[in-house]
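Residues in the sequence shown are numbered consecutively from 14, following our numbering.
From the three backbone atoms N, C-alpha and C, an ideal C-beta is built for every residue, glycine too.
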Amino acid sequence: MERQLKLRSSVKSYRFWKPIRFGSQGWLGLLFGCLIALLGCTPPMLPPPRVTISPSPTVTKASTLPTETDKGSAHQPTITPTSTVSQTQLDLTPYKQAMLPQFATDVDLEAANGVSRYDILVTVDKASLQTDTGVRLHGLVQVIYTNNEIIALDKIYFRLYPNLPGYGGEMAVQQVLVAEQTVTPTLEADNSALAVPLPMPLQPHQSLNITLTYTAVVPIETVEGYNIFSYSGGTLALAGFYPVIAVYDKEGWNIPVPPVYGDATYLDVSLYEVTANVPANMVVVGSGNLLHKAALSDDYKALTFATGPMRDFYLVMRPDFEVISNTVDGVVINSYYPPDLAKGGKFVLKYASDALHFYNEHFGPYPYAEFDVVATPTTAGGVEYPGVVVAAEQFYTETGGYLQHVVGHEVAHQWWYGLVGNNQVTAPWLDEAFTNYSTLLYWQAVEGQAVADQVTEDFFRAPYQKAKKNGHDHPVAGAVADFAPEDYGAIVYGKGPLFFLALQQQVGDDVFYKITQTYYTEYKYKIAQPDDLIDVIERVHGKNITPLYQEWIIGQ
């Protein structure tokens, strides 16, 4: 989902089974569940969140956390909001620690560009882990926002992703302060967007500080969507656990309610520092790097993470995660898994290591110091987040096959979605089709051309031809909502990569990889549109590709 490989595992999914030989790994069933699960059930509706205004909390946060051995009686570190904002005076050191040394200056450049900076505190209510009514979160978000638009803004929108049907949770904002002034926000887009009015218009290039206090309920499991915001099977997965500023684009504030299938997130890069107060026995994985840890009491510990420029921040935890690690091109790669999935966890580390190295060489360097792959109970094949990807636990008993494809796909999303962003709701092919084709290139590099040819047949041509035969051909260029759930995977994940295959065959390998590297370089940390990719292709190739684009992407 997000950022995810929509290769469904539900019994209502369509699956394509065909044996494939994967080098020395033997014959395996390589499935391509490229069509979205047709989940017709509606989950119990939670009460709609309410925005209430309460007196300002008295909150403070130490700049340096105590060591693991320093214990205190409190388990609720706090943050003091401030109204004076100076982008140049803020310390960028924590964010730079999350970057490879040679890319630390990326933080300076993005800060100078006015990216948002989030300081988040979230507490997991330990007692609620023992209930069947959902896990409760208590949070505080302080964000420095700079108006990078050419017009003054009189309001700012925050996305409340847990309130979307595909997330199945609940988020309620209790208080909003703008430069220390209490304001009264309103809910829109079926309670998934919070409009925060500004006391006075924010002029271009001006910055301000916004502080929100909120609570959230994480469901035990979700019926719709991909089980990405849930507490199930002992794993607490927290996608979209905090209010996040929506993208302002040529259409204005982008706050539509997306379908329950496909990706929901569309975000600008930001800098994050996140402190998570969690039960002391939890093993926690988060985007970016762990900076500090502190034992707050016998029951709680505090973990502080920081990121470089990333589009999102993700947390996942469970008490018995095990981890094995590897270093590739200077990047520490970690594979987390429950103890009974250790064999799969070791293979996943290899797949991720090989994929990251291949993409580094052919697309552009992964700039962050760490990359994590985590086994979770997601009902997607896998899901991508910045610096972290997850793969479905149920496939960890496999060797190669589908699990290998999932890992290769999600790692590629670090480039196409993470570093080069796009609107995943209105133009999903730009990252998903490109990512699925990138996965084919990974297969070709590590397993050879014969395997790559069969992956092309099973993962791309077969599902697309089946949809076409059934009268369900469709332009690849379209919003998620333009596709019927049963057609989305076959067209975006099957037909879409065939455009890139035809392109590579037409321009040759050297030019194709010059295209990928140019696209990466020009749109790193930015949001690209389909026309931007086509422009790069034609500039690098030196020829018009309209016929190819018409045949595979915008035509039927």
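Only residues of its own chain outside the window of five on either side were considered, and among them V489, A490, F512 have a CB closer than 6 Å to the CB of I566, listed in chain order. Close CB contacts of V297 within its chain, under the 7 Å cut and outside five residues either way in sequence, are with A289, V291, L316, L328, M330 (chain order). In terms of Cβ geometry, H426 and V468 do not form a close pair [threshold 9 Å]. Counting along the chain, the unbroken alpha helix (DSSP H) around K359 starts and ends at 355 to 375. Going by DSSP, Y349 is part of the beta strand (DSSP E) stretching over 344 to 350.
The continuous alpha helix (DSSP H) containing L514 extends over residues 509 to 520.
Secondary structure remark: continuous alpha helix (DSSP H) runs of at least 4 residues inside the segment 196 to 242: none found. A distance below 9 Å separates the beta carbons of L103 and R130.
Bounds of the beta strand (DSSP E) holding I337 are 335 to 341.
With a threshold of 16 other beta carbon atoms within 10 Å, Q188 meets it and is buried. Following the DSSP letters along the chain, one finds K139 in no beta strand (DSSP E), marked with neither H nor E. Nearest neighbour of A393 by Cα position, chosen from D262, Q194, F447, Y415, turns out to be Y415.
According to the DSSP assignment, K263 belongs to no alpha helix (DSSP H), since it is labelled neither H nor E. In this structure, Y562 is the residue among Y562, S338, Y285 with its C-alpha nearest to the C-alpha of A515.
Bridge partners of A503 according to DSSP: none are assigned.
Taken in chain order, the complete beta strand (DSSP E) segments of 3 residues or longer contained in the segment 387 to 446 are 395 to 398, 401 to 405. Fully contained in the segment 245 to 314 are the following beta strand (DSSP E) runs of length 3 or more, in chain order: 248 to 251, 283 to 292, 296 to 299, 302 to 308. According to DSSP, residue pairing for E193 in a beta bridge does not occur. In this structure Y285 does not touch L113 by the C-beta definition: roughly 17 Å separates them, more than the 8 Å allowed.
In the three-state scheme derived from DSSP, where H, G and I count as helix and E and B as strand, L113 is classed as coil. Shown here, D548 sits in a helix according to DSSP, grouped into three states. By alpha-carbon distance to M184, the top candidate from V231, Y501, M323, T195 is V231. Ranked by Cα distance from T439, the first of Y409, A494, A259 is A494.
Under the 8 Å Cβ criterion, the segment 455 to 465 does not count as touching the segment 299 to 316, having fewer than three qualifying pairs. Leaving aside the five residues that flank V191 on each side, the residues in its chain whose CB is nearer than 7 Å to its CB run, in chain order, V209, L211, P212, L221, I223. DSSP places A541 in the coil class of the three-state scheme, outside both helix and strand.
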